[in-house]
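Going by our numbering, the first residue of the sequence shown is number 657, and it counts up by one from there.
Backbone N, C-alpha and C fix where the C-beta goes; we use that ideal spot for every residue, glycine too.
Keep in mind that this is a model prediction, so the values were computed, not measured.
Single-structure report; data block below.
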Amino acid sequence: MRKCLLACVFLILIACNEQQVGIVKNSNDGTALGTTYSLVYFADKELDYQKQIDSVFAVINQSMSTYIPTSDISKINRGDSVIVVDEMFQEVFKLSKRINSATDGYFDPTVGVLVNAWGFGPEKQIALDSIKVDSLLNYVGFEKVKLTIDNRIIKTNPRIRFDFNAVAKGYAIDRLASFLDSKNVQNYLLEVGGELVAKGINVQKNKNWVVGIDDPQATEERELKLLITLKDKALASSGNYRKYRIDTETGEKFVHTVNPKTGFTKNSYTLGVTILAENCATADAYATAFMAMDLDKTFKVLSKQKQLDAYIVYLDEKGNVQEFATEGLRNVIFSPKE
Numbered sequence: 657m658r659k660c661l662l663a664c665v666f667l668i669l670i671a672c673n674e675q676q677v678g679i680v681k682n683s684n685d686g687t688a689l690g691t692t693y694s695l696v697y698f699a700d701k702e703l704d705y706q707k708q709i710d711s712v713f714a715v716i717n718q719s720m721s722t723y724i725p726t727s728d729i730s731k732i733n734r735g736d737s738v739i740v741v742d743e744m745f746q747e748v749f750k751l752s753k754r755i756n757s758a759t760d761g762y763f764d765p766t767v768g769v770l771v772n773a774w775g776f777g778p779e780k781q782i783a784l785d786s787i788k789v790d791s792l793l794n795y796v797g798f799e800k801v802k803l804t805i806d807n808r809i810i811k812t813n814p815r816i817r818f819d820f821n822a823v824a825k826g827y828a829i830d831r832l833a834s835f836l837d838s839k840n841v842q843n844y845l846l847e848v849g850g851e852l853v854a855k856g857i858n859v860q861k862n863k864n865w866v867v868g869i870d871d872p873q874a875t876e877e878r879e880l881k882l883l884i885t886l887k888d889k890a891l892a893s894s895g896n897y898r899k900y901r902i903d904t905e906t907g908e909k910f911v912h913t914v915n916p917k918t919g920f921t922k923n924s925y926t927l928g929v930t931i932l933a934e935n936c937a938t939a940d941a942y943a944t945a946f947m948a949m950d951l952d953k954t955f956k957v958l959s960k961q962k963q964l965d966a967y968i969v970y971l972d973e974k975g976n977v978q979e980f981a982t983e984g985l986r987n988v989i990f991s992p993k994e
């Protein structure tokens, strides 16, 4: 279950002709976690945190990357029940457990065996039918795993596979934000694979940060659906319109969102979801869950989770495009044409 759509968000940073006196814009760009990142932060002097940034990505990879055979998660997936997981793994596990409960199991990082089977993970894709899917569902379910008091992972079946890809990018941004906070950086906009955390303002413009949300119906080039002013919040988006595969023999389209209840990939009426939350790991996880859930269930969860704000693009029963936004999100969105 990968949320993966690369969030459909990109930064809108409009530079002024003159830098404010005594304020320096610092930035770091690169690739990590299988995607790109762009970090912008202001200070009263030039800063170079590239070494520390690389270190954050390295330790997260070592803890939670299913694409690194020697990572903790890869060892656990192969059946290691002795390894003691680090603080990051513990935090992501506990957060995942809470959101798994809040979404009635629609957010479930134990869906890894199905992610692999459908061809969206590091292991070999297999041919699937309803019988094989039902068989694999025996190895899915967060109630089948446990974090012990001494920080080991116990699984009821060794074939259970963790996949934290639907939360790891958001968590990585939160760690980077915590690092900058520790350095007393007051104004920044951090982006990893389209997921974002903003603090303070865009000092060059003396305004709140502005970010763009992609139109999920754009078929050729990326087009903006709307703009959001972002301050002291995290944002994550999910959708199935970019990450999918086409069967070369049948031409059938398979999206990357796997429904942990049915075991099948989810071609839903929901086209795209954007979530605002206090931290990006939370926003990341809920955005993924809402792509797997039916809309009525999504709205019920949102009515209970008051700390979340959401913008959802979906198709109604007649196939017409509709939009939904919570009040908190309506207050910060505007059209690119305005």
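Item                                                                                                                                                       : Value
Opposite G850 in the DSSP bridges: which residues?                                                                                                         : G850 pairs with nothing; no bridge assigned.
Are the beta-carbon atoms of V823 and D742 separated by less than 8 Å?                                                                                     : no
Would D819 be called buried (16 or more neighbouring beta carbons within 10 Å of its own) or exposed?                                                      : buried
Report all residues from its chain with a CB closer than 7 Å to the CB of A773; omit the five preceding and five following residues, and keep chain order. : Q781, I782, L784 and L792
Where does E983 sit, in a helix, a strand or coil, going by DSSP?                                                                                          : helix
In this structure, how does DSSP classify F990 when only helix, strand and coil are distinguished?                                                         : strand
Under 8 Å between the Cβ atoms of E751 and A937?                                                                                                           : Here residue 751 turns out to be Leu, not Glu, going by the sequence shown. Taking 8 Å as the Cβ cut-off, L751 and A937 qualify as a contacting pair.
With a CB to CB cut of under 7 Å and the five nearest residues on each side skipped, what residues in its chain are close to E674?                         : Residue confidence for E674 is low, a pLDDT of 39 falling below 50, so the modelled location carries little weight and cannot support an answer.
Given a cut-off of 8 Å, decide if T766 and I716 are closer than it, judged by their beta-carbon atoms.                                                     : no
Would L882 and I989 be called neighbours here (beta carbons separated by less than 8 Å)?                                                                   : yes
Mind checking which residues open and close the alpha helix (DSSP H) that includes S752?                                                                   : E743 to A758
Can you pull the DSSP bridge partners for K681?                                                                                                            : F698
Measure the C-alpha to C-alpha separation of K974 and L951 and round it to an integer number of angstroms.                                                 : 15 Å
Thinking V867 and L891 are a contact (beta carbons under 8 Å), I'd like their distance in whole angstroms, please.                                         : 7 Å
Considering only C-alpha positions, which residue in the set T918, L846, K701 and T944 is nearest to L927?                                                 : T944
For S683, which option in Y693, G690 and Y697 has the closest C-alpha, if you only look at C-alpha atoms?                                                  : Y697
Here's the rule I'm using: 16 or more other beta-carbon atoms within 10 Å means buried, otherwise exposed. How should P725 be labelled?                    : exposed
Keeping to the same chain, check which residues put their C-beta closer than 7 Å to that of N807; ignore five residues upstream and five downstream.       : V740, V741 and Q746
Among the residues of its own chain, which have a CB less than 6 Å from the CB of I755, if the five just before and after it don't count?                  : F763 and A941
Tell me the DSSP bridge mates of V914?                                                                                                                     : T921
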